[in-house]
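Residue numbers for the sequence shown follow UniProt numbering, beginning at 1 and rising by one. Structure first, then comments.
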Amino acid sequence: MAAARVLLLLSGRAESPSFAQSVCGLLGAGPGLGPWPTHCGLKRGRLVLSDGPFPGSSARLPLQRPPFCPFAALDQQLRTPGAELPSNRGVDLGVAVLLQSSDQSVLLTRRTRTLSVSPNLWVPPGGHVGLDEELLDGGLRELQEETGLQLPHGQFSWVPLGLWESAYPPRLNWGLPRYHHIILYLLVISWESQQQLQARIQPNPSEVSAFMWLGPEIAAAVAAAEDGTETLTHLPRDLPPSVLTVELGEDERARPLALPTSTLLRTTPTKAEGNERVSAGTKFALRLWLQHLGR
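Structure follows, in structure tokens:
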């Protein structure tokens, strides 16, 4: 088995959760939607989680899973005969950077349709953390690889926002999960404006097909579009009908596109499909960002 990337302190002992176990459940998540305050040790290439303080813990962050989390469902039901889940893997560690400009907007990117995991979803830049990589360094590396943005040293600040238990496929009726991650969302606050940052963005077409900046008002509406509920059929009156995005064409040239705001308010469907929408974890991260702004 590969080196454990996510460790849990359970009854004082460090354990690696198996692929099929819900991390939220192991840490005592109740029947509600959460989030659940979780003590974290943010170490090089590794995340240690506990429901109580422990030596070396460096943060206390909200941990959440979607209401339709397949691992929570698997905890509650008998396995289907013949159903196979990975037995040689634990829970992987990912990091995502919610980049905030100096004029208080955040960057989201749309994953290309050809990706095998979560295609066509709007998410912050992010990915796996290297085993010997600091979590912030991993996030900044992913930001540069996906958008071309390299933030000047000393011209940004950062803070960990929260943790999300992620599965793909995201619902059990889409099929058994093939991927299981804990995603650490980092808020990185640049000293540069949206215009200054956008002038340097060069999306990687193998991973990113479009990008956009969201201000607090639209971000609040997106964050409030709870997954597990019906998608809104009518826009709230105070929202614009569209949001300006930048899309890569087939020739990989960037062009402006007016994306219908209703696209951003879609929820995770009950049946598998590849419709464009904002991921459930991203909505969670946007809620945490808005709380941070409110402070």
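Using N, Cα and C, we set each Cβ at its ideal position, and we do this for glycine too. These numbers come from a predicted model, not from an experiment.
Residue 116 sits away from residue 65, with the two beta carbons spaced by 8 Å or more. The three-state reading of DSSP puts residue 149 in coil, since its state is none of H, G, I, E or B.
Distances from the alpha-carbon of residue 90 to those of 267, 215, 6, 222 put 6 closest. Rounded to the nearest whole angstrom, the CA to CA distance from residue 39 to residue 291 is 19 Å. Rounded to whole angstroms, residue 97 and residue 188 show a C-alpha spacing of 6 Å. Taking the Cβ atoms as the reference, residue 129 lies roughly 6 Å from residue 135, within the contact range of under 8 Å. Where residue 263 is concerned, the enclosing alpha helix (DSSP H) starts and stops at 261 to 264. Residue 277 sits close to residue 266, with the two beta carbons spaced by under 8 Å.
186 is the residue among 15, 186, 26 whose C-alpha sits nearest the C-alpha of residue 142. Excluding sequence positions up to five before and after residue 37, its CB lies within less than 7 Å of the CB of 60, 62, all in the same chain and listed in chain order. Taking C-beta atoms under 8 Å as the contact rule, residue 127 and residue 162 fail to qualify, at a distance of about 18 Å. Between the alpha carbons of residue 171 and residue 85 lies a distance of about 15 Å. By the neighbour-count definition (other C-beta atoms within 10 Å, threshold 16), residue 123 is a buried residue.
Straight-line spacing of the CA atoms in residue 184 and residue 164 works out to 7 Å. For residue 62, the enclosing beta strand (DSSP E) starts and ends at 59 to 64. Cβ neighbours of residue 149 within its own chain (closer than 7 Å, five residues either side excluded): 143, 197, 200, 201.
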